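Below is one structure; the comments refer to it alone.
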Amino acid sequence: MEFGLTRQEACIYQCILEEGKVTGYEVAKQTGISRSNAYNALANMQEKGAVYLLEEGTARKYVPVPLEEFCKNRIRRLEEAKKWLSLRAPKEREEAEGYITIEGGKNILNKIRNLLEEVEERVYISCTRNYLLLMVRELEALQAAGKKVVIITDRPVTFKNARVYVGRDRGMQIGVISDSRYVITGEYGEGSMNTALYSGQKNFVELYKTALSNEIELLTLKEEN
1 MEFGLTRQEA CIYQCILEEG KVTGYEVAKQ TGISRSNAYN ALANMQEKGA
51 VYLLEEGTAR KYVPVPLEEF CKNRIRRLEE AKKWLSLRAP KEREEAEGYI
101 TIEGGKNILN KIRNLLEEVE ERVYISCTRN YLLLMVRELE ALQAAGKKVV
151 IITDRPVTFK NARVYVGRDR GMQIGVISDS RYVITGEYGE GSMNTALYSG
201 QKNFVELYKT ALSNEIELLT LKEEN
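full-length UniProt numbering puts the first residue of the sequence shown at 1, with every later residue one more than the last.
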């Protein structure tokens, strides 16, 4: 569904990938989808660039567009759509001064990843070790670029050139301070509310930064003792 296919079309695409070349009747039989729905889905999949129609005599068969090719085509179309929108979109206003509520695990993780990609100088991250593993690519990019990375987590973890402090159990709490300008903090993960606050409010940023700084001081004292 991430690539424009419905659940039914994705099921058919998987079937055709496995079989290589099939008729609409065979697709319906193997997937349990009605013949009319199968043929409609196959027609839609042709338009979406997921399958090709192959005519062998009087038989009409379908072959899959290779997975790698299909993904590249979809990504290329998204890039083209992005360029089109960038040229025509109205000028963006500065970000709102208030507090933005972000709901949903995917949306929270996407916002955090975007924040990490836009870091100019430094970032502070507070979360459980398991959540850090979801940001490995972004953290490695920050380290390669020589950005300051400070991590407060609950189990030992190794990130080259990052300062790591191991403290109390983070549970489902997650927080990020980017360049002392933006903060996102809230609950993330299975079983949580999956709700976070995002803000560039100076007072809020300073308050959260102070809380993390105090915790870092306590952890440093424990390390020294």
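Glycine included, every Cβ here is placed at the ideal spot set by N, Cα and C. Small disclaimer: the values here were computed from a predicted structure and weren't measured.
Look up GLY98 in the DSSP assignment and say whether it is helix, strand or coil. coil
Cβ of ILE75 within 8 Å of Cβ of ASN194? no
Beta-carbon proximity of LEU132 to THR153, cut-off 8 Å: yes
Burial state of LEU207 (16 or more Cβ within 10 Å): exposed
So, for ARG163: in the same chain, excluding its five sequence neighbours on each side, which residues have a beta-carbon less than 6 Å away from its beta-carbon? Closer than 6 Å at Cβ, skipping near neighbours: VAL150.
May I ask which residues mark the beginning and end of the alpha helix (DSSP H) holding GLN201? Here GLN201 belongs to no alpha helix (DSSP H), and DSSP marks it neither H nor E.
So, helix, strand or coil for ALA164, using DSSP? Ala is not the amino acid found at residue 164; the sequence shown has Val there. Strand at VAL164.
So, helix, strand or coil for LYS147, using DSSP? coil
Could you name the residues that DSSP lists as bridge partners for GLY186? ILE174, ALA196
Take ALA59 and list the residues in its own chain whose beta-carbon comes closer than 7 Å to its own, dropping the five residues that flank it on each side. THR23
How many Å lie between GLY32 and ALA211 at the Cα? 57 Å
Rounded to whole angstroms, how far is the Cβ of GLU118 from the Cβ of SER180, which I believe are closer than 8 Å? Not confirmed; about 14 Å, so no contact.
Going by C-alpha distance, which of THR128, ASN130, VAL123 is nearest LEU139? VAL123
Spell out the partners DSSP gives SER126 in its beta bridges. Paired residue(s): ILE152, GLY175.
Helix, strand or coil for LYS106 per DSSP? Correct three-state label for LYS106: helix.
Let me make sure I understand the geometry here. Which of ALA10, LYS147, GLN201, GLY191 has the alpha-carbon closest to that of LYS48? ALA10
Please report the distance separating the alpha-carbon of ARG77 from that of PHE70. 11 Å
Quick one: what does DSSP say ARG35 is sitting in, helix, strand or coil? helix
Taking C-beta to C-beta, are THR185 and GLY175 nearer than 8 Å? yes
Using 8 Å for Cβ pairs, my map puts GLU121 next to LYS148. What's the rounded Cβ distance? Indeed, because the Cβ distance is near 6 Å, the residues count as touching under 8 Å.
In angstroms, rounded to a whole number, what distance separates the CA positions of VAL183 and LEU197? 8 Å
Please classify SER199 as buried or exposed, where buried requires at least 16 neighbouring CB atoms within 10 angstroms. buried
According to DSSP, LEU54 sits in a beta bridge with which residue or residues? Beta-bridge pairing links LEU54 to LYS61.
Relative to the C-alpha of PRO66, which candidate in LYS222, GLU19, GLN30, LEU221 has its C-alpha closest? GLU19
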